[in-house]
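So the sequence shown is numbered by the working numbering: it starts at 2 and just counts up by one.
Report on one structure; see the data block that follows.
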Amino acid sequence: MTVSEADIVQCITQGGVVLLPTDTVLGLAVSPRHGAAIDRLYGLKHRPRDKNLPIMVADADDEIALRIPNDAQLLAVLRETGPLLVTSANRSGAQTPDTTNEAAALILGIETSCDDTSVALVDRSGHVAAIKTVSQYEVHEAFGGVYPELASRAHLEAILPTIQSVMDEASATPKDLTAIGVTRGPGLIGSLLVGLSTAEALSMGWGVPAYGVNHLRGHIRSVELEGGQTEFPAVIMLVSGGHTLIAELKDPWSYRLLGTTRDDSVGESYDKVARMLGLGMPGGPAIDRAAKLGRPVLRLPRPMKNEGYEFSFSGLKSSVARHIENHPEVSLEDMSASFVAACLDVLVAKADRALAECKPRSLVIVGGVSASPQLRDAMAQVADHHRVNLCLPPVKWATDNAAMIAMATWDYIERGVQPALFPKPNLSLETP
Ligand code: ADP
Ligand code: MG
Numbered sequence: 002m003t004v005s006e007a008d009i010v011q012c013i014t015q016g017g018v019v020l021l022p023t024d025t026v027l028g029l030a031v032s033p034r035h036g037a038a039i040d041r042l043y044g045l046k047h048r049p050r051d052k053n054l055p056i057m058v059a060d061a062d063d064e065i066a067l068r069i070p071n072d073a074q075l076l077a078v079l080r081e082t083g084p085l086l087v088t089s090a091n092r093s094g095a096q097t098p099d100t101t102n103e104a105a106a107l108i109l110g111i112e113t114s115c116d117d118t119s120v121a122l123v124d125r126s127g128h129v130a131a132i133k134t135v136s137q138y139e140v141h142e143a144f145g146g147v148y149p150e151l152a153s154r155a156h157l158e159a160i161l162p163t164i165q166s167v168m169d170e171a172s173a174t175p176k177d178l179t180a181i182g183v184t185r186g187p188g189l190i191g192s193l194l195v196g197l198s199t200a201e202a203l204s205m206g207w208g209v210p211a212y213g214v215n216h217l218r219g220h221i222r223s224v225e226l227e228g229g230q231t232e233f234p235a236v237i238m239l240v241s242g243g244h245t246l247i248a249e250l251k252d253p254w255s256y257r258l259l260g261t262t263r264d265d266s267v268g269e270s271y272d273k274v275a276r277m278l279g280l281g282m283p284g285g286p287a288i289d290r291a292a293k294l295g296r297p298v299l300r301l302p303r304p305m306k307n308e309g310y311e312f313s314f315s316g317l318k319s320s321v322a323r324h325i326e327n328h329p330e331v332s333l334e335d336m337s338a339s340f341v342a343a344c345l346d347v348l349v350a351k352a353d354r355a356l357a358e359c360k361p362r363s364l365v366i367v368g369g370v371s372a373s374p375q376l377r378d379a380m381a382q383v384a385d386h387h388r389v390n391l392c393l394p395p396v397k398w399a400t401d402n403a404a405m406i407a408m409a410t411w412d413y414i415e416r417g418v419q420p421a422l423f424p425k426p427n428l429s430l431e432t433p
């Protein structure tokens, strides 16, 4: 799109989104309706004179990723670089997808809820035409967990080149897109904002509709990637770094939450136990490998195993910590095997109860921990026992990725539900 200076001025003074080439200085300016959220997040005291001004500009080489430009400064930069996309708030993008256009057969998925910048192109059948995930592992390694402020900066640097690379890999143009699907929650607000603002800019600039997608629904639809099929009704178990829950699905859209964790998630306890054992991050795969070489010799608790559908993993983690202290003679492999056995025992008991009570046709296990071979084997046995299909995501797409977000977007299109591109850090499973 060619833009005039008048467009830019209108965008800056009346609101809108400016997306600039990343090889020049600026990354992206965020639309003004995200302003209040950014203010809260970063404690910004000095809003521009006109509170409708775009307030966030990222500079890849700058220590300070966020600053408030005044319009003269921003205009000077824009004059030099020439914007890639500029649109004003008054010029709204396409709202509904053109599903009759067969050329437009792809969803562009964008996932930035936590510490991976992921972009993918996925068609209706779940075929992944291209995907790229930029991990921030090295950014956060020293902190022993995700550092939110650094996460949003890293997303900001990675997002546009990642989108470009995926579009190039699939030789795709905006005309090939049915829609853009972007994670709107749950997640870190600063990280979510980067994906949402980018999607909004592309949507308006390209005239492609954009859908705010629930990350948890993305995980659940990950089993449909590359040929998988879920038969409904289904019982789903989501076991990831941020979540542990079990729910019933009557169809791809209607969820009934059965239970969730009272404290830590399974993935979190894998990661914490891995750290206690000096296995490093990410903990899941490291624990799995160690556990395969050991025997479950320790008697660890099985918290809430026999109580309904709620989970609790913090007691198990503390118990492992005590054993490490009191029984230095127990090998790392046996510790890991004992921990995995306790986790699986609880997860299998809950799945078994849900299958007996809900009598579904499928058992769907998703989220990062569903990559665990031990968990896959254990769940295959339960599914077999109840004669239901076991649906698992391809291992490479068990952890956070944009292909699953794109896949879930098809459900939103079919339902005609188009959530706003606004971050919802605590979005629940039942809300689209
Ligand atoms: P979230 O969406 O909550 O950020 P992910 O779905 O990406 O998390 O899952 C990340 C979690 O999955 C981490 O806690 C990690 O340890 C765990 N994980 C990844 N691979 C495995 C594995 N092979 N076995 C067990 N846990 C795993
Ligand atoms: Mg996830």
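Beta carbons: idealized from backbone N, C-alpha and C, even for Gly.
Legend entry - Close Cβ partners of Leu246 (< 6 Å) along its chain, the five nearest in sequence each way excluded: Translated into positions along the sequence shown, residue 246 becomes position 245. Excluding sequence neighbours, Leu246 sits near Leu239 and Thr261.
Legend entry - Closest Cα partner of Arg125 within the set Arg276, Ala409 and Leu422: Position 124 of the sequence shown, counted from the first residue, corresponds to residue 125. When each option's Cα is compared against that of Arg125, the closest is Ala409.
Inset, instruction - Mind the definition here: the segment 315-322 touches the segment 365-372 only if three or more C-beta pairs lie below 8 Å; say whether that holds. - result: no
Inset, instruction - Measure the C-alpha to C-alpha separation of Ser266 and Pro304 and round it to an integer number of angstroms. - result: Translated into the one-based positions of the sequence shown, residue 266 becomes position 265. Translated into the one-based positions of the sequence shown, residue 304 becomes position 303. Between Ser266 and Pro304, the C-alpha separation is close to 13 Å.
Inset, instruction - Give a yes or no on whether the C-beta atoms belonging to Val361 and Ala235 are separated by under 8 Å. - result: As a first step, residue 361 must be located in the sequence shown, where it is residue number 360. As a first step, residue 235 must be located in the sequence shown, where it is residue number 234. Per the sequence shown, the amino acid found at residue 361 is Pro instead of Val. Their beta carbons are under 8 Å apart, which means Pro361 touches Ala235 by this criterion.
Legend entry - beta-carbon Gly243 near ligand 2 non-hydrogen atom, thresh 7 Å: For the purposes of this step, residue 243 is identified with residue 242 of the sequence shown, where counting begins at 1. Correct: Gly243 has its Cβ closer than 7 Å to ligand 2.
Inset, instruction - Express the C-alpha separation of Ser166 and Pro329 in angstroms, rounding to a whole number. - result: Start at 1 with the first residue of the sequence shown, and residue 329 comes out as number 328. Start at 1 with the first residue of the sequence shown, and residue 166 comes out as number 165. C-alpha separation (whole angstroms): 49 Å.
Legend entry - From Met168, Glu311, Pro283 and Ser371, residue whose alpha carbon lies closest to that of Val347: Within the sequence shown, numbered from 1, the residue matching residue 347 stands at position 346. The shortest C-alpha separation from Val347 is found at Glu311.
Legend entry - Euclidean distance between Cα positions of Arg41 and Ile190: Stepping through the sequence shown from its first residue, residue 41 is reached at position 40. Stepping through the sequence shown from its first residue, residue 190 is reached at position 189. Because the pLDDT of Arg41 is 45, which lies under 50, any placement of that residue in the model is unreliable, and the number read from its coordinates should be weighed accordingly. Rounded to whole angstroms, Arg41 to Ile190 spans 10 Å at the Cα level.
Inset, instruction - Tell me, please, whether the segment 217-237 touches the segment 195-202 by the rule of three or more beta-carbon pairs shorter than 8 Å. - result: no
Inset, instruction - Run the CB neighbour count on Leu422, radius 10 Å, all protein chains shown included, and call it buried at 16 or more, exposed below. - result: Mapped onto the sequence shown, residue 422 falls at position 421. It is buried - the Cβ of Leu422 has at least 16 other Cβ atoms within 10 Å.
Legend entry - Heavy atom of ligand 2 within 7 Å of Asp353 beta-carbon: In the sequence shown, the residue the question calls residue 353 occupies position 352. For ligand 2, not one heavy atom lies less than 7 Å from the Cβ of Asp353.
Inset, instruction - Starting from Ser136, trace the beta strand (DSSP E) both ways and give me its first and last residue. - result: Taking the sequence shown and counting its residues from 1, one reaches residue 136 at position 135. Unbroken beta strand (DSSP E) run through Ser136: Val129 to Ser136.
Legend entry - Pick from Tyr413, Tyr138 and Gly369 that is closest to Ser270, judged by C-alpha positions: Looking up residue 270 in the sequence shown gives position 269. It is Gly369.
Legend entry - Helix, strand or coil at Asp117 according to DSSP, with G and I counted as helix: Numbered from its first residue, the sequence shown carries residue 117 at position 116. Three-state DSSP puts Asp117 in a strand.
Inset, instruction - Throw me the rounded Cβ distance for the Ala352 and Ala292 pair, which I believe falls under 8 Å. - result: Position 351 of the sequence shown, counted from the start, is the residue given in the question as residue 352. Position 291 of the sequence shown, counted from the start, is the residue given in the question as residue 292. In fact, because the Cβ distance is near 19 Å, the residues do not count as touching under 8 Å.
Legend entry - Environment of Pro424 [buried if 16+ CB atoms lie within 10 Å]: Start at 1 with the first residue of the sequence shown, and residue 424 comes out as number 423. It counts as buried.
Legend entry - His324 beta carbon near ligand 2 (any heavy atom closer than 7 Å): Position 323 of the sequence shown, counted from the first residue, corresponds to residue 324. His324 Cβ: outside cutoff for every heavy atom of ligand 2.
Legend entry - Heavy atom of ligand 2 within 7 Å of Gly186 beta-carbon: Start at 1 with the first residue of the sequence shown, and residue 186 comes out as number 185. False, no ligand heavy atom lies under 7 Å from that Cβ.
Inset, instruction - Work out the CA separation of Thr432 and Ala466 for me, nearest whole Å. - result: Here the chain comprises residues numbered 2 to 433, so residue 466 is not present and cannot be evaluated.
Inset, instruction - Using only alpha-carbon positions, find the residue among Asn390, Glu227, Thr163 and Arg154 that is nearest to Val195. - result: By 1-based counting over the sequence shown, the position of residue 195 is 194. Cα-wise, what sits closest to Val195 is Arg154.
Inset, instruction - Can you grab the Cα-Cα spacing for the pair Ile288 / Ala275, in whole Å? - result: Along the sequence shown, one-based indexing puts residue 288 at 287. Along the sequence shown, one-based indexing puts residue 275 at 274. Each residue's alpha carbon lies about 6 Å from the other.
Legend entry - Gly146 beta carbon near ligand 1 (any heavy atom closer than 7 Å): Position 145 of the sequence shown holds residue 146. False, no ligand heavy atom lies under 7 Å from that Cβ.
Legend entry - Beta carbon of Leu345 nearer than 8 Å to that of Ala379: Counting from 1 along the sequence shown, the entry for residue 345 is found at position 344. Counting from 1 along the sequence shown, the entry for residue 379 is found at position 378. Yes, the Cβ-Cβ distance between Leu345 and Ala379 is below 8 Å.
Inset, instruction - Apply the 10 Å Cβ neighbour rule to Lys133 and answer buried if 16 or more other Cβ atoms are within range, or exposed otherwise. - result: Indexing the sequence shown from 1 puts residue 133 at position 132. Buried, because 16 or more other Cβ atoms sit within 10 Å of the Cβ of Lys133.
Inset, instruction - Take every Cβ of the segment 140-155, pair it with every Cβ of the segment 168-176, and state whether three or more of those distances are shorter than 8 Å. - result: no
Legend entry - As assigned by DSSP and simplified to three states, the class of Thr432: For this step, residue 432 is matched to residue 431 along the sequence shown. Of the three classes helix, strand and coil, the one that applies to Thr432 here is coil, per DSSP.
Inset, instruction - Within the segment 151-225, note down every full alpha helix (DSSP H) run reaching 4 residues or more, in order along the chain. - result: 190-207 and 216-222
Inset, instruction - Sort Phe340, His387, Leu333 and Val349 by Cα distance to Ala357 and report the nearest one. - result: Here the question's residue 357 lines up with position 356 in the sequence shown. Considering only alpha carbons, the answer is His387.
Legend entry - Other residues of its chain near Lys306: CB distance less than 7 Å, five sequence neighbours each side excluded: The sequence position of residue 306 within the sequence shown is 305, counting from 1. Within the same chain, Lys306 has close Cβ partners Asp346, Val347 and Ala350.
Inset, instruction - Tell me whether the beta-carbon of Ile108 lies closer than 8 Å to the beta-carbon of Val123. - result: Stepping through the sequence shown from its first residue, residue 108 is reached at position 107. Stepping through the sequence shown from its first residue, residue 123 is reached at position 122. Taking 8 Å as the Cβ cut-off, Ile108 and Val123 qualify as a contacting pair.
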